[in-house]
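As C-alpha cells, the structure follows; a few thoughts come after it.
2 protein chains.
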Amino acid sequence: MRPKDKNTEEAILQAARKAFIRKGLAGARMQDIADEAGINKALVHYYFESKEKLFGLIFGQEFAKLFSSLASVLTADIPLYEKIEQIVSLDIERLGQFPDMPLFVINEISRNPAMIVKRIKHLDVKNVLEIFQKHVTQEIKKGNIKNITAEQLLINIQSLCIFPFVAKPMLKSIFKMKETDYHSMIKRRKKEVASFIIDAIKIG
Amino acid sequence: MRPKDKNTEEAILQAARKAFIRKGLAGARMQDIADEAGINKALVHYYFESKEKLFGLIFGQEFAKLFSSLASVLTADIPLYEKIEQIVSLDIERLGQFPDMPLFVINEISRNPAMIVKRIKHLDVKNVLEIFQKHVTQEIKKGNIKNITAEQLLINIQSLCIFPFVAKPMLKSIFKMKETDYHSMIKRRKKEVASFIIDAIKIG
DNA sequence: CTGAAAATTAACCAAATGGTTAAATAACAA
DNA sequence: TTGTTATTTAACCATTTGGTTAATTTTCAG
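Taken in sequence, the protein lines are chains G and F. Okay, so the first sequence: first residue is 0 according to numbering that gives the first Met the number 0, each after it adds one. Okay, so the second sequence: first residue is 0 according to numbering that gives the first Met the number 0, each after it adds one.
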C-alpha cells in the first residue's frame, strides 16, 4: 500500500519501530506489527525469528541515533563554548525529529540493563570522555570556567536537552500547553539552553 | 510474612506498587502482585476490582509524591535564589527516596495522557505558576536576573533534578559507574545543581 | 515451460493472563 | 452455640499472545 514498501523486511522494521516505541517491548503486539506492515504474522517470524530479536534490532538503531554524532562534537578541536552550543543544537534538532526515541531507549534500558552493555562496547566511550574531560580541566585551569567535572557538565547538558522530550506529555498537561505551545517552547530552548549552560559555568 | 502485613489491603497496595513501578501497567502481572502479597489472585480483584483500578490508585499516589511539596515552595515568601535551592534539595531528596518513581509516572502519562488530566485538576497549578511567574518577572525588572520565563526556568530546574534519576541505568552504563559511584554523583548534584542554576540566571 | 527455492498465508497450539464463580473458612454479633 | 457476613481460596473460563506447521503462491534460473 505504501510507496516505500520496496521490500517486506523494511516494512516490518518500520512497523516494529512504530509499535515498540509507542508501546514498549511488553506492550507491543506481534499481530499489530504484522497488520501495520500489511502482512501475515508468521512472516514476521520468518524474517526475524522472535519478538526479542526484532526488538533488539530496533533498540540498537534507536540507541545509535541518540549518541551517534555526540562523540565527534565532544572530541572536536573547537572552543568549549562552541562545543556546548553544537551539542545542544544537535541534540534538540535530532530529538525534534524523533521525539519518542529517548523515552523508549531509557525505558528499555531500565527494564533490561544488560542489553545496553553489548551495544555500547563498540563505541569508544572511555576515550571520548577522557578527551572531553581534558578540555574541561584545561579551561578551569585557565580560569575561564568554574570548577565542574566533565561528567556533571555532560549530565547537565543532556538533562536540559533530553528531559523536555522525555516528559513531553507530562509538561503539556502541567503547563496546559497545546501542541503548538509545546513546539514554541522547544524552539525557544534551542536558542536559550546553550547560553543558560555557558552562563552557568563561565567566570566573570 | 512481613511484619507490616497488618491488613490485606495494604499488602496488596505495596505489592502492586512494586510490580507496577518495576514493570509498568502492561508488564505487571496480577499473579505476581498476589504472590508478592502472599494471597490468592482472586483476592486482589475482591479488594480492587480490576487491574486498571488498582493501577489508577498507585499512579495517583506516586504522582502526588512527585509534586506534593513543590507548590508550597513555589509560592513561599522567600528570595528567588532560596526558592531554587529549596526546590532542588527537596526534589533530589525525595527522588533519592523513590528513584524509580519519575520514570514510572512519565511513562504511564505518555502511554495514557488522558489519565493525568483528572488527577491534576484538583491541584491549583495555574495559580501556583502565576505567583511564581510574578516573582521571576519582578526579579528581572529589578535587574537581578537575566530575562527568562518562569516556565523555562522551572523546566530547567526539573530537568536537572529529575533526568539523572530517570536515566539512571543509562548513565550508569555510559559512564561505567557502580552503584556507589552513581550515589556520589547524585550527592554531588545535591550541592552543585542549585548554584549551577543560580549562576546561569544571575546578573553580575 | 518447469521445477526448485523463496516468500507468504491460514490454521493451529500451548502458555499466559485478567477475570469469575462457587465453595470453604474466619470473624463475630446475638 | 448459631447464624450471618466478610474474607479467602481452588478451580475455571474466555481471550490474548508469541510462536509453529504445513500448505499455497510467487519468483526465477535453466
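Glycine residues also receive a C-beta, built at the ideal position from the N, C-alpha and C atoms. In this text the structure is predicted, and so the values were computed from the model without any measurement.
Helix, strand or coil at residue i [DSSP, three-state]
| i | result |
| --- | --- |
| I173 of chain G | helix |
| K201 of chain G | strand |
| I144 of chain G | strand |
| F164 of chain F | helix |
| G26 of chain F | helix |
| A75 of chain G | coil |
| I38 of chain F | coil |
| E138 of chain F | helix |
| H121 of chain G | coil |
| N111 of chain G | coil |
| E48 of chain G | coil |
| P101 of chain G | helix |
| S68 of chain G | coil |
| N155 of chain G | helix |
| N6 of chain F | coil |
Cβ neighbour criterion (16 or more within 10 Å) applied to residue i
| i | result |
| --- | --- |
| P78 of chain G | exposed |
| Q137 of chain F | exposed |
| S172 of chain G | buried |
| N106 of chain F | buried |
| E178 of chain G | exposed |
| K120 of chain G | exposed |
| K82 of chain G | buried |
Proximity of residue i and residue j at Cβ, strictly below 8 Å
| i | j | result |
| --- | --- | --- |
| I108 of chain F | M176 of chain G | no |
| A15 of chain F | I38 of chain F | no |
| I144 of chain G | K201 of chain G | yes |
| I130 of chain F | I86 of chain F | no |
| I197 of chain G | L159 of chain G | no |
| Q30 of chain G | K40 of chain G | yes |
| I139 of chain G | P163 of chain G | no |
| L53 of chain G | R110 of chain G | no |
| L122 of chain F | A70 of chain F | yes |
| F64 of chain F | M100 of chain F | Before going further, note that residue 64 of chain F is Lys rather than Phe in the sequence given. Taking 8 Å as the Cβ cut-off, K64 of chain F and M100 of chain F qualify as a contacting pair. |
| L42 of chain G | T7 of chain G | yes |
| K189 of chain G | S49 of chain G | no |
| L102 of chain F | V192 of chain F | no |
| A199 of chain F | A199 of chain G | yes |
CA-to-CA distance, residue j to residue i, given in whole angstroms
| i | j | result |
| --- | --- | --- |
| A10 of chain G | A36 of chain G | 5 Å |
| E84 of chain G | S194 of chain G | 8 Å |
| I20 of chain F | K141 of chain G | 46 Å |
| V104 of chain F | L94 of chain F | 12 Å |
| K125 of chain G | F66 of chain G | 14 Å |
| A149 of chain F | K167 of chain G | 17 Å |
| R1 of chain G | E92 of chain G | With a pLDDT of only 32 at R1 of chain G, under the threshold of 50, the placement of this residue in the model should not be trusted; the figure read from the coordinates follows. About 27 Å. |
| E61 of chain G | S183 of chain F | 30 Å |
| L73 of chain G | L152 of chain G | 12 Å |
| D90 of chain F | I161 of chain F | 8 Å |
| D180 of chain G | P98 of chain G | 15 Å |
| L128 of chain F | E51 of chain F | 31 Å |
| M135 of chain F | Y80 of chain F | Note on residue identity: the sequence assigns Val, not Met, to residue 135 of chain F. If you take the alpha carbons of V135 of chain F and Y80 of chain F, they lie about 10 Å apart. |
| G59 of chain F | G203 of chain F | 43 Å |
| Q132 of chain F | R187 of chain G | 17 Å |
| R118 of chain G | F47 of chain G | 19 Å |
| D34 of chain G | K22 of chain G | 15 Å |
| Q13 of chain G | L12 of chain F | 39 Å |
| V116 of chain F | Y45 of chain G | 43 Å |
| F174 of chain F | P112 of chain G | 14 Å |
| Q96 of chain F | I154 of chain F | 22 Å |
| S68 of chain F | S68 of chain G | 39 Å |
- Message: What are the residues in the segment 4-20 of chain G lying within 9 Å of chain F by C-beta distance?
- Response: Going along the segment 4-20 of chain G in chain order, one finds no residue with a Cβ nearer than 9 Å to chain F.
- Message: For the segment 114-143 of chain G, list every residue whose C-beta sits within 8 Å of some C-beta in chain F, in sequence order.
- Response: Contacts with chain F (Cβ-Cβ distance below 8 Å) from the segment 114-143 of chain G involve I115, V116, I119, V124, K125, L128, listed in chain order.
- Item | Short-range partners of chain F found in the segment 172-186 of chain G, where Cβ spacing is below 8 Å | Sequence-ordered contacts of the segment 172-186 of chain G with chain F read S172, I173, F174, K175, M184 [C-beta pairs closer than 8 Å].
- Message: So if I threshold CB-CB distances at 7 Å, which residues from the segment 70-89 of chain G count as touching chain F?
- Response: Per Cβ criterion, the list is empty.
- Task: Determine which residues of the segment 24-38 of chain F have a Cβ less than 7 Å from any Cβ of chain G, and write them out in chain order.
- Result: Here the close residues are A25, G26.
- Message: Short of 8 Å Cβ to Cβ, which residues in the segment 149-169 of chain G face chain F?
- Response: From the segment 149-169 of chain G, only E150, Q151, I154, N155, Q157, S158, L159, I161, F162, P163, V165, A166, K167, P168, M169 have a Cβ closer than 8 Å to chain F.
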